[in-house]
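Student:
Numbering (our numbering), first residue to last: 3 to 62.
1) Does the distance from the CB of residue 42 to the CB of residue 30 come in under 8 Å?
2) Determine the direct distance from the alpha carbon of residue 50 to that of residue 40, and round the result to whole angstroms.
3) How many angstroms separate the CA atom of residue 60 from the CA atom of residue 53?
4) Which same chain residues, not among the five before or five after residue 48, have their C-beta less than 7 Å away from its C-beta?
See below:
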């Protein structure tokens, strides 16, 4: 029928909670006492997350 809408919300299960909680908890930030490998791991996680968000937004 005209003007009938169906809204579907699809959420992905995340082992560590929501993206907001991860950002709030500082999961993507680095600290001076971290090893190079730990800094690199966090940067890669940040870039992977940004890419996934961009991919989802490009599907709209």
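Glycine included, each C-beta is placed from N, C-alpha and C at the ideal position. Small disclaimer: the values here were computed from a predicted structure and weren't measured.
Tutor: Answer, in terms of the structure:
1) Indexing the chain shown from 1 puts residue 42 at position 40. Indexing the chain shown from 1 puts residue 30 at position 28. The answer is no: Cβ separation not under 8 Å.
2) For the purposes of this step, residue 40 is taken as residue 38 along the chain shown, with counting starting at 1. For the purposes of this step, residue 50 is taken as residue 48 along the chain shown, with counting starting at 1. So the two alpha carbons sit approximately 15 Å from each other.
3) Looking up residue 60 in the chain shown gives position 58. Looking up residue 53 in the chain shown gives position 51. Straight-line Cα distance between these residues: approximately 10 Å.
4) Counting from 1 along the chain shown, the entry for residue 48 is found at position 46. Result list for residue 48: 30, in chain order.
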